[in-house]
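A short write-up of the structure that comes next.
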Amino acid sequence: MELVDVLSKNYGQNEFREDLRKLYGQAGADGKPTVFLLNDTQIVKESFLEDLNCILGSGEVPGLFDYQTKDLIIKRMRAACGREEKIPDHPDAAMQFLIQRVRDRLHIVLCMSPIGDSFRRRCRMFPSLVNCCTIDWVANWPQNALYSVAFRFFSNSQLLRDIAKQQQLNEAQAAQAKIAEQKAAATAAAKAAVIAKNRGQSNMQLLPPKTPVPVITQQTQQQVTGDAALPIAERLSKICVFIHSSVEEASDRFQKEMKRRTYITPALFLEMVNLFFKILQDNIQKQNEQITKYEGGMTVLNETKKQVATMQEELRKMEPVLVKQSEQIRELMQKIGSDTAHTEEVRAAVAIEEAFVKEEADKAQILADDAQAELDKITPVFEEANRALESLSKAAVNEVRTFANPPEAVKRVMFAVCTLFGRKLDWDSARQMLSQANFIGTLIHFDIADITDQLDRRMRKDFLDDPDFKPDKVESVSKAAANICQWIVAIVEFARVSKIIEPKKQAAQDAHNKLADLQEKLEDKRKQLTDLEDALKVMQAQFDAKKQEQSKTEADIAQTRKRFVNAEKLVSALGDEGVRWQQQLKLLEESSQYLQGSALISSAMLSYVGPFTSSYRRDLIISWIEQCEDLNILVSPEKEEQDQNSKDKEKDKNFGKDNQSQNSQIKDSANDKQKRKSKVKKNDEVGNKQSTLKKNQQSSLKKGQLNKQQQQQDEENDDEDDDGDEDEEENKEEEFDDSPPFALDEILSTPVMTRDWNIQGLPSDSLSIENAVLVTNTRKWPLLIDPQGQANRWIRAKERDNKLRVLRMNEQHFLRTLTNAVRFGQPVMLEDVGETLDPQLAPLLTQQTVKQGGRTILRLGDQDVDFNPSFRLYITTKLANPHFLPDLFIKSTIINFTVTSQGLEEQLLADVVGNEKSELEEAKDKLVRDMAADAKLLVQTEAKILALMRNTTVQQLLDDTSLIVSLDQAKKTSKEIIERVKQAQITEKQLMKARNEYRPMAVRGSVLYFAIVDLAQLDPINQPSPEKITQDKDKEKEKLEKQLKSRQSKSHIPQLETQKQHSSLQLNSAQLPALPPSADASQRKQGPQFAQSPPLDLIRAHKDSSKSTPIIFILSSGADPTQHVLRFAQSKGYEGRLHLLSLGQGQGPIALQLLKNATSRGDWVFLQNCHLAASWMPELERVCLSYQVQETAPTHNEFRLFLSAMPTSSFPVAVLQNGIKLTNEPPAGVRANMHRSIGALAPEVYEEGV
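Below is the structure:
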């Protein structure tokens, strides 16, 4: 079954008919079971119900389908049914078949509120709503149902179970502590009795036996872990039921006495329960954070105090160790000095010896180098000959050997070889040698030592000296013989050179042997030097170690001294803070017993008290607190406990204000039941006399306005009477206590936040602050009843930095702008709404978000939008007494932001002082800003101190001087701020005393406003505005100043006033008897102006008007201001530029075009009979607002707008409050007619005599 709901903008009859066609197609043609849901807020036109009445009665809506559409839907039905169902062929029969399918498959669900006359009227007009519907009347929940629901929430709460278990454990621990205390006392008393008996003091009285107290055991622990939340759940459920019932009673009384309608639904009850858990959880978390913060600071501070004594003992022990280490280092330094001198002597001797050895080594090297140089000359030749031999192949050798008759050159070469080897000089011997397998190797490895001097001479004589015995000549005969010849020449020469250099080599060897002996001796000396150096290094290492130990000891002493100094600084700087932190910990621990009560009262206030005025709120809260006390749910401590902690509270005012939100139930209390009742009764009596007190105050202030001498004398006596005045003010405060019975701002807000709200324009009275707390803490979007616009201004200032978007429901791109704000998390203020909201806002009001793939989606209009958690919606209305349906009470938090007497008085006082003494008001504003900044800085400073101490260990804190400096600077800053705050409080009193001189004017303005504000209940056209009163006051003041200045220049006003003349003014303040209700008596006693209607003064109204301030004529039967306006326009030269239009059906677009042209040219527009175009009034409101804020093209300064209407509730309140209202009643009699006719003439007519 598919659900179809109405959800679109500008939903009208055409859209409704289109939806009905879709329903017929879906349920009739397609045969799908469908539910059509429609609630009374979506019924914007009564014609909707007329169509539904037809559907319920016959199933057919006349004129819903034309012929073409009818054919299409029948074809669609035939295609969907196929052959399963037989559909008649005739169109009319087929249509009846379709209607029957619709009646079978379409279910209509109407959700309608029985509130008001509309439901009864609709039932009479559309009988099918009763005859063809099953009526389910959803009544209010009975008390047992409320109790059952609440008990289920509370009994299943793990949070309450944990709290109950902790309370029982605390009670058991307290009992155990009491037992231990009693045991200790009994033991001490017994010992004292024994001692007394031993001393013979028989008159000593023993303690009586004490009553046994249960001891905590394992079994007790197990019992505590049971379901301990049930008693708490029962009490909380009873209180919640009482709260809901009391609000229902107050709502009925509110409607009877104040004519204001509020609706208390079960949804508010569920909201209260859910808010209770949220607030309780948040407060417990905040309290735990505060406890952790202060415990961390106390732990560091206590540990630092312990470290002071420890470090003193460490310093006492380390100083002798440092002295001993210094003595050991001195002895080592002496030993190292003597050993170093001896080592240097040995090092010098070794250096001399090394120089001598080096010299001998150089000599030996020279000899060796000389012999080697000569040997190097012949060695290449010898090596070349060897390479030549090695290059010979076996074939080459065999070639020589095969010679039967070798050539002479070959023969001589081989004979030279035979000579070297001592063989016979014949060819056979030569051939035998050549036949050797290793002949070439034998030659290469020939020992040159075998070449004696005799052999050398023989070789030279027989062979080498022969000119033909040359390798190059032999090569011509045989290459192999040439290579052998080359080797023979080289080996003989090499042997000769070797014999020559042998003596040199021997000399070099002897030199090297001598050098070796010297080096051995030198090595012994070097070893001795090394041993000395090693010993010296060992001693140096010992010295370094001792020196390091000394440095470490000195560093430890320095560090300990530094820590000691830092610890003393820390203890000295934060000693008083430690006492305060301990007191705060005690307060936090004690305040845990009040968390449930304060959370319950706070959640009830958030859910219920928004629509009520201050007196009703006060009565409700007092009754709630009394019920909590009756059921042992503590909300705040009793008076005696507060008096005991008064000193602590005075300290808390100067420092740590951020803790007030957790400890408010301790710092701000209520008296017991009897005191509270008497206090409320007394306040009510005093409140009834408030106006009389204000009049007396004005009279007393008038008495103080004497001549200059009298004023100077009063100023001299002011300082002497300050103390007496302060006592008198305190007595007055005691006489009339306007403080709320429960400080919600201290539970859900902070003083710093409240001060910021005041700077942002929120009035400082308790009701406005309470409303601001409701706005900022409610889970639903707030709907503010704000006829004076003070909440609107505050929200604009509060959300200015967050790029607040201000919207109206009748704007052209309203939905698109709202969608973007939801997507990007920008706050939105929907201002000047009526008694109903657009149905498509329902998902946004109820925050119907769904999760899709990590995205949070909200259905807004006809599209899905990503919901940004930073988005916030504020809704305001200027209706002074709106009648919101229960649906809005469920979806939003309605808060009555109507200005209070105190708030308006302060607002007017600021305006008066700003005009009369702007520097005084500027000083006051600057003082407020400075005090707010100091309060923030004070909280930040304490947080910085505790953060530094919580995030560092004691050792780190004592080692890091910068942290100590930061803490010390933070403490100094805190003291400076406290002094500034004290001085600011003194300055604030002085400024308030100076500002109070202008308070009578503010009081008079407040009295005047509240004297006329209730006229709207008599006639909705009477809509006063504080801004308008202020503007009129400023204009009259300026006019009076000009007149007085003009007359004073002509000496028409005396400079001084005698006391007798001033006293005579007090006769006007005397109480007068009731005036006779007759025109003659009024004319005789009050003047003729009070006995006759004033003329229609268009001249003055035109002067007071502007391009953004319309002139509004309130019509009455038989009176038409059109001729007056025409004559006035003619007198001003606007005869052809005044455009008249009588509003009615279809005239809205014409009026808009007329206004557009007139605003650009500076013409006048007179829109008549606005009451006949009630549906167009929101558009008129939008246009008038655009003239104020210049949203469109600039408006011509000469443009003027005239409006006329009968008294009606449909006329926009914003236009009424901003406009100049004139009544036009028909004159009665000739005199009245003449009076009006002459009064309508311009002054120029009199002067010109026309």
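Just so it is clear: in the sequence shown, position 766 is 766 by full-length UniProt numbering, and no numbers are missing.
Where a beta carbon is used, it is the ideal one built from N, C-alpha and C, also for glycine.
Close beta carbons around residue i, own chain, < 7 Å, minus the five adjacent residues each side
i: MET539; result: LEU332, LYS335, ILE336, ASP339
i: GLU916; result: TYR998
i: ALA535; result: ASP339
Beta-carbon spacing of residue i, residue j below 9 Å
i: GLN790; j: ASN881; result: no
i: PRO1020; j: TYR1009; result: no
i: LEU767; j: THR849; result: no
i: MET829; j: ILE759; result: no
i: PHE1113; j: SER607; result: no
i: PHE1166; j: LEU1141; result: yes
i: ALA932; j: ARG755; result: yes
i: ILE448; j: ALA495; result: yes
i: GLN26; j: VAL44; result: no
i: ASP745; j: VAL773; result: yes
i: LEU1138; j: ASP1163; result: yes
i: PHE742; j: ILE601; result: yes
i: ASP468; j: ARG412; result: yes
i: HIS1124; j: SER1160; result: no
i: SER1106; j: GLY903; result: no
i: ILE108; j: ILE284; result: no
Distance cut-off 8 Å: residue i Cβ against heavy atoms of the ligand ADP
i: LEU1143; result: Among the ligands in the structure shown, none appear at all, so the ligand ADP cannot be discussed.
Neighbourhood of residue i by C-beta, 8 Å cutoff - its chain only, sequence neighbours within 5 removed
i: LYS70; result: PRO91, MET95
i: ARG980; result: ASP930, ASP934
i: VAL1210; result: A small correction: the amino acid at residue 1210 is Ser; Val does not occupy that position in the sequence shown. Within the same chain, SER1210 has close Cβ partners HIS1171, ALA1174, MET1177.
i: GLN709; result: With a pLDDT of 38 at GLN709, under the threshold of 50, the modelled position of that residue is not reliable, and no figure is offered here.
DSSP bridge partner residues for residue i (one or two, in chain order)
i: TYR874; result: MET829
i: CYS111; result: ASN39
i: ASP864; result: ARG859
i: GLN1023; result: GLN1023 is not bridged to any residue.
i: THR836; result: Partner(s): none; THR836 has no beta bridge.
i: THR849; result: LEU858
i: PRO1149; result: For PRO1149, which the question treats as bridged, DSSP gives no partner whatsoever.
i: HIS1139; result: VAL1165
Assigned secondary structure, residue i (DSSP; H/G/I helix, E/B strand, else coil)
i: PHE463; result: helix
i: LYS681; result: Residue confidence is low: LYS681 scores 41 on pLDDT, short of 50, so the model does not pin down where it sits. Its coordinate-derived value is still stated next. Helix at LYS681.
i: LEU858; result: strand
i: residue 1254; result: It is not possible to answer for residue 1254, since the shown part of the chain is limited to 1 through 1250.
i: ASP450; result: helix
i: THR819; result: helix
i: LYS803; result: coil
i: ILE895; result: strand
i: LYS305; result: helix
i: LYS989; result: helix
i: ILE264; result: coil
i: VAL44; result: coil
i: ALA1205; result: strand
Contact set for residue i: own chain, Cβ-Cβ below 6 Å, skip 5 residues either direction
i: ALA233; result: PHE151, PHE154, SER155
i: GLY12; result: none
i: ILE1012; result: PRO1024
i: MET605; result: LEU744
i: LEU1115; result: SER1204, MET1206
Given residue i as reference, the closest of the options once Cα atoms are compared
i: LEU837; options: ARG21, PRO886, CYS123; result: PRO886
i: PHE463; options: LYS499, GLU475, ALA437, LEU420; result: LEU420
i: THR856; options: PRO1110, GLY825, ASP832, GLY834; result: GLY825
i: GLU314; options: ARG563, ALA772, LEU72; result: ARG563
i: ASN861; options: GLN852, PRO843, LEU64; result: Residue 861 is actually Gly in this sequence, not Asn. It is PRO843.
i: GLU60; options: ASP89, LEU37, LYS75, ASP104; result: ASP104
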